[in-house]
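Heads up, the sequence shown is in this note's numbering, so the first residue is 94 and it goes up one at a time. Beta carbons are placed, not taken as given, at the ideal position from N, Cα and C, and that holds for glycine. Remarks on the structure that follows.
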Amino acid sequence: MPVAFPVRKDRLYASDEPHHDPGKMTMSNNTGPNILVIQADQMAASALSAYGNSFTKTPHIDALAGQGTTFRNTYCAFPLCGPSRASMMTGQLPSKIRAYDNAAELMSEIPTFAHYLRARGYQTSLSGKMHFVGADQLHGFERRLTSDIYPGDFYWTENMATRTAKTRSDGRAVTQSGICKRTVQLDYDELAMANAEQHLYDIARSSDDRPFMSVVSLTHPHDPYYCTQPFWDLYEGVDIPMPAVPALPIDEQDPLTRYIMIRHELDDGFDEDTMMRSRRAYYGAVSYIDYQVGRLVSLLEELSMRENTVIIFTSDHGEFLGERGLWFKRHFYEPAAAVPLIISVPGGPQGNVVPENVSLMDLLPTMLDLAGDHELADLREPIDGQSLVPLINGGSRESVAYSEIMSDGLPAPIFMIRRDNWKLIHGPAYPAELYDLDKDPHEQRNLAAAPEAADILNRLVAEAEAKWDAAAIQADIDLSIARRILVRGAHGAGQSPSWDYVTPSGEEGRWCRTGSDYNDWSFNVI
94 MPVAFPVRKD RLYASDEPHH DPGKMTMSNN TGPNILVIQA DQMAASALSA YGNSFTKTPH
154 IDALAGQGTT FRNTYCAFPL CGPSRASMMT GQLPSKIRAY DNAAELMSEI PTFAHYLRAR
214 GYQTSLSGKM HFVGADQLHG FERRLTSDIY PGDFYWTENM ATRTAKTRSD GRAVTQSGIC
274 KRTVQLDYDE LAMANAEQHL YDIARSSDDR PFMSVVSLTH PHDPYYCTQP FWDLYEGVDI
334 PMPAVPALPI DEQDPLTRYI MIRHELDDGF DEDTMMRSRR AYYGAVSYID YQVGRLVSLL
394 EELSMRENTV IIFTSDHGEF LGERGLWFKR HFYEPAAAVP LIISVPGGPQ GNVVPENVSL
454 MDLLPTMLDL AGDHELADLR EPIDGQSLVP LINGGSRESV AYSEIMSDGL PAPIFMIRRD
514 NWKLIHGPAY PAELYDLDKD PHEQRNLAAA PEAADILNRL VAEAEAKWDA AAIQADIDLS
574 IARRILVRGA HGAGQSPSWD YVTPSGEEGR WCRTGSDYND WSFNVI
């Protein structure tokens, strides 16, 4: 059934109040639904049974899909943590907000969905990771319930002179995978969950009658690939397949894939036992996330909040998990670029599947639409996202999604257009790639040189070149990196400021910070 928006005393849906003039937006006593966003990190859509996986153990996410709408073809706007999250929160392409890499600052003047919802009368909170860089570590959230897990300053800015150096994600994540008793990532996610649950209890007994928008953002199943024994045992006797697309010899890989493999120490490959151990641990971590989804949904039910809470489940990007010889992300092939997106609206359609290509950038306008701003009159600037509510209601729209990869060691930006069944990968530094995903879902036949695909190639290339000015973007990337390196160096002289968010809990010092080696920190495993 369509999602309706009548005035409801129980705050199930938003009221049809008059829209504010863009220059006169004021605080409103919103009667919209609560919104709970649950975000995983580095979870491939293909890792979930709701997306066709035949062996993964995700009963709680499956149940959520049965109670809502699954968007079958959802893409991140940049297959890397920081830029993807900044883009998701602002509804804009990373290049427009200068979110070029994991050390790029999200400017405080750019409104996020937390700003817009807070201005409409919501109480907003974040428990867990959002990878904010810069002095502003809130970006519209009224409360942060944890610190972030990664540095909030420019420490991870990559020097332009050493772009070919190895990155922080290296082969150890694969070779040292398996069963653990505890990791720093488990420390973090358990804290984020405990604080999120406590916050829901606090809301339930509070006299504050504002609806809430809470984000619970966990760091699993991000590498290193570890899980605890109970989640490892879920896959005992399960026939976990090897990658559907095996690795080619390094000299037969396309130039972009070859570069990524060498940079991330993946070019020598891994034996089958090592790969299977990592894959099993990853799926164990996926099931760990599923368990946390179940905890949160059960708590909403216990507190009689479920019937007026929209639940959104997603991830910032995907994971290769050995497909094509690749691990982690940083490419536009489906395992890394496609993400899960499930939206459960009380009273809305159940078990719905939307085939159109959509984007994480669509979440900002979708939340505003659900909160009552159906015409998006509150927006202060054009955004790249579109509300998904019409699709939830059974409508249709242009089936297109865009994504970018910039900096992160590349000599020039590279872009992706997913339009209908076609995917173009295009940029000035690497040969074009074109795939028909209906006929070639594993992207094994590049049609960029195929005569029968010349027309669609030309049209998509023209669209990409009209949409992006690669030279101008690269010039701004170079300027941004140069500025950040200077500021980072200046901050290292004398007393250094800290941009890391510190909660009253005394947790500071536990997470990855300036001066820490990422791998030494992340492999602090028992």
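Who are the Cβ neighbours of residue 183 in its own chain at under 6 Å, not counting the five residues just before and after it?
-> Counting only Cβ-Cβ distances below 6 Å, and skipping sequence neighbours, we find 190, 203 and 205.
Simplified DSSP assignment, three categories, for residue 567 | Here residue 567 sits in helix by DSSP.
Member of 250, 594 and 362 whose CA lies at the smallest distance from the CA of residue 575 | Relative to the Cα of residue 575, the nearest Cα in the group 250, 594 and 362 belongs to 250.
Helix, strand or coil: how does DSSP classify residue 607 here?
-> Coil, per DSSP.
Flag this pair as touching only if the segment 147-157 and the segment 370-381 have three or more C-beta atom pairs under 8 Å; answer yes or no.
-> Yes: the two stretches touch, three or more of their Cβ pairs being nearer than 8 Å.
Excluding sequence positions up to five away, which residues of its chain have a Cβ less than 8 Å from the Cβ of residue 525?
-> Excluding five sequence positions before and after residue 525, the CB atoms of its chain that fall closer than 8 Å to its own CB belong to 517, 518, 519, 541, 550 and 554, given in chain order.
Given 8 Å as the limit, is there contact between the segment 277-289 and the segment 359-369, that is, 3 or more CB pairs closer than that?
-> No, they do not touch.
Roughly how many whole angstroms lie between the Cα atoms of residue 279 and residue 615?
-> Our two residues, residue 279 and residue 615, have alpha carbons roughly 11 Å apart in a direct line.
From the DSSP output, read off the bridge partner residues of residue 319.
-> 271.
How big is the Cα-Cα spacing for residue 349 and residue 523?
-> Roughly 6 Å separates the two Cα atoms.
Give the single residue among 539, 573 and 425 whose Cα lies nearest to the Cα of residue 498.
-> Ranked by Cα distance from residue 498, the options 539, 573 and 425 are led by 425.
Which residue's Cα is closest to the Cα of residue 131: 267, 299 and 219?
-> Per the Cα distances, 219.
Residue range of the unbroken alpha helix (DSSP H) whose run includes residue 496 | Careful: residue 496 lies outside any alpha helix (DSSP H), inside the beta strand (DSSP E) at 493-498.
What separation, rounded to the nearest whole angstrom, lies between the Cα atoms of residue 336 and residue 582?
-> So the two alpha carbons sit approximately 43 Å from each other.
Who are the Cβ neighbours of residue 594 in its own chain at under 7 Å, not counting the five residues just before and after it?
-> These residues qualify, in order along the chain: 230, 237, 240, 241 and 245.
Closest to residue 567 by CA distance: which of 587, 556 and 521 is it?
-> Among 587, 556 and 521, the Cα nearest to that of residue 567 is on 521.
Is it true that the CB of residue 266 sits closer than 8 Å to the CB of residue 314?
-> If you check the CB distance, residue 314 and residue 266 do not come in under 8 Å.
So is residue 435 buried or exposed if we call it buried at 16+ other beta carbons inside 10 Å?
-> Taking all protein chains shown into account, residue 435 has 16 or more neighbouring C-beta atoms within 10 Å of its C-beta and is therefore buried.
What does a CB cutoff of less than 8 Å around residue 139 pick up in its chain, not counting 5 residues either side in sequence?
-> So the list reads 145, 146, 411, 427, 428 and 431, once near-sequence residues are dropped.
Using 8 Å as the Cβ pair cut-off and three pairs as the minimum, do the segment 155-175 and the segment 444-452 touch?
-> Segments in contact, yes.
Considering only C-alpha positions, which residue in the set 177, 457, 397 and 347 is nearest to residue 472?
-> If we check each option's Cα against that of residue 472, 457 comes out closest.
Can you grab the Cα-Cα spacing for the pair residue 201 / residue 584, in whole Å?
-> If you take the alpha carbons of residue 201 and residue 584, they lie about 20 Å apart.
What number of angstroms, rounded off, separates the C-alpha of residue 450 from the C-alpha of residue 167?
-> Distance between the alpha carbons of residue 450 and residue 167: 6 Å.
Per DSSP, which one or two residues make a beta bridge with residue 131?
-> The secondary-structure analysis by DSSP pairs residue 131 across a beta bridge with 309 and 406.
Could you check where the alpha helix (DSSP H) with residue 281 kicks off and where it finishes?
-> Taken as a continuous stretch (DSSP letters only), the alpha helix (DSSP H) holding residue 281 covers 277-297.
If I'm right that residue 453 touches residue 170 with Cβ under 8 Å, what's the distance once you round it to whole angstroms?
-> Between residue 453 and residue 170, the beta carbon gap of about 6 Å places them in contact (Cβ cut-off 8 Å).
Residue 491 to residue 533, Cα distance in whole Å?
-> Rounded to the nearest angstrom, the gap between the Cα atoms of residue 491 and residue 533 is 22 Å.
In this structure, what does DSSP give as the bridge partners for residue 516?
-> Residue 516 pairs with 511 and 528.
Closest to residue 185 by CA distance: which of 527, 455 and 580 is it?
-> Among 527, 455 and 580, the Cα nearest to that of residue 185 is on 455.
First and last residue of the beta strand (DSSP E) that includes residue 168?
-> Segment 162-168, the beta strand (DSSP E) holding residue 168.
Whose C-beta lies closer than 8 Å to the C-beta of residue 539 among residues of the same chain, with five residues either side of it excluded?
-> 347, 526, 527 and 528, listed in sequence order.
Helix, strand or coil: which one does DSSP assign to residue 551?
-> Residue 551 carries a helical assignment under DSSP once its states are collapsed to helix, strand and coil.
At what residue ranges does the segment 433-493 contain a whole run of the alpha helix (DSSP H), taking only runs of 4 or more?
-> List check, alpha helix (DSSP H) in window: 456-463 and 482-485.
Give a yes or no on whether 8 Å exceeds the smallest Cβ distance from residue 311 to chain C.
-> Any reference to chain C falls outside this structure, which holds one protein chain only.
With distances taken between CB atoms, is the gap from residue 344 to residue 312 smaller than 8 Å?
-> It is not a contact, given that the beta carbons lie outside the stated cut-off.
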